[in-house]
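Read through the structure below, which is laid out as structure tokens, and then see the notes.
Residue numbers (the numbering used here): 5 to 393.
In structure tokens, the structure reads:
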């Protein structure tokens, strides 16, 4: 193992710039998910393979924990002796006329397949990629172009803050609020169009630069303390997704509770500043579904692990009663979704490899005051940071 490292930890941290991604990369490295690594000393490039089950949180090239794992692997296994020596430089070319690549290496006539690729084969490839259930990077290139683009039916925040009207406005906040606002019909339309979540590129488009329910707890806590650390804005300005065992948990709910769960997309508040993406809807009961698959508890028996673990969203007290932690971030996420979607209750499903616990969380009318707290935070704290970036 190398001791004088070519790839410094400080460089990895500066490049990834997200502690959660780096921690997940460390977990992947410790779990031997890095299958292969090659270091090109001339180009200073690392190539490798990381176990990913055909799914990744960065279908459009955003940094992810797979990149972090490979970089950390390189930190520990690339030595200064692997680099080419500074004096080992190639001889300088002799002076002469400069030629372009086509002149130096004229292309040869070549066709990989005679007659091209049959349309049926292309369609089979598309269907095979879609069958994975989660986003595979190549599927972004294969999606059909929308005849009626979502962009024409609702306001994209990135376009609003770069529009001429906004940039030239004297009262930018009023213009911003006016352009972000959506009516009830548009809210339902957007939710239907973004169904599929991470497998639907429009889902990312709607969520971008909006406060979504998964962040409500951290924001409310920051507002209560009146302290807004830089790390909070870094989290809000990054898009992070994870759906490893969500399908298993939904299948458990359907089979064991006889529930008809309908997939859904992003639901926006009327202000257009807040959003929620529940993992499913149960129309017959005016309910939503939220699935949690905690990595730290993946191999534990939940009923044992949650005894007096009062820091989690649910826990068992001394008498064996299942209790709800209303201070947990997941509680704020669920209440935020219930208020935005105007639903009565949430089926919370906590899934591990050994046990699954399902509990119902009811709509809490007293929580609604947090909606104005979140919207004020967006306008007074988040929007200025967004414009700076």
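Glycine included, each C-beta is placed from N, C-alpha and C at the ideal position.
Owing to the predicted nature of the structure, the values given are computational and were not obtained by experimental measurement.
Using the three-state DSSP reduction, which class does residue 163 fall into: helix, strand or coil? helix
Can you find at least 3 beta carbon pairs, one from the segment 301-315 and one from the segment 333-350, that sit closer than 8 Å? no
Hey, residue 353 and residue 253: beta-carbon distance below 8 Å or not? yes
Buried or exposed for residue 201, please, with buried defined as at least 16 other CB atoms from any protein chain shown within 10 angstroms of its CB. buried
Using 8 Å as the cut-off, can you tell me whether the segment 323-339 makes contact with the segment 184-204, which would need three or more C-beta pairs spanning the two stretches below that distance? no
Nonlocal neighbours in the same chain, by C-beta distance under 6 Å from residue 268, ignoring five residues either side: 195, 199 and 285
I'd like to check one pair, residue 177 with residue 257: are the Cβ atoms closer than 8 Å? no
Do residue 318 and residue 328 have their CB atoms nearer than 8 Å? yes
Could you spell out the range, first to last residue, of the alpha helix (DSSP H) harbouring residue 12? Unbroken run through residue 12: none, as it is neither H nor E.
Candidates 123, 292, 392 and 128: closest to residue 281 by CA position: 292
Give the DSSP bridge partners of residue 349, in chain order. 291 and 366
Candidates 205, 303, 283 and 23: which alpha carbon is nearest residue 295's? 283
What residues in its chain sit with their C-beta under 7 Å from that of residue 276, if we drop five residues either side in the sequence? 159, 184, 185 and 186
Under 7 Å Cβ to Cβ from residue 155, same chain only, skipping five residues before and after it: list those, please. For residue 155, the predicted structure reports a pLDDT of 49, less than 50, and the residue's modelled location is therefore unreliable. The matter cannot be settled from this model.
Hey, how far is the Cα of residue 11 from the Cα of residue 34? 18 Å
Work out the CA separation of residue 306 and residue 260 for me, nearest whole Å. 17 Å
Could you give the residue range of the beta strand (DSSP E) that holds residue 319? 318-320
Own chain partners of residue 39 with C-beta closer than 8 Å, once the 5 adjacent residues on each side are dropped: 52, 53, 54 and 55
Starting from residue 222, trace the alpha helix (DSSP H) both ways and give me its first and last residue. 220-229
Which same chain residues, not among the five before or five after residue 274, have their C-beta less than 8 Å away from its C-beta? 185, 186, 187, 188 and 191
Looking only at DSSP bridge pairs, what is residue 181 linked to? Paired residues: none, contrary to the question.
By alpha-carbon positions, which one of 369, 105 and 379 ends up nearest to residue 278? 379
Per the DSSP calculation, residue 53 is bridged to which residue(s)? 40
Quick check on the burial criterion: 16 or more other C-beta atoms within 10 angstroms. Buried or exposed for residue 15? exposed
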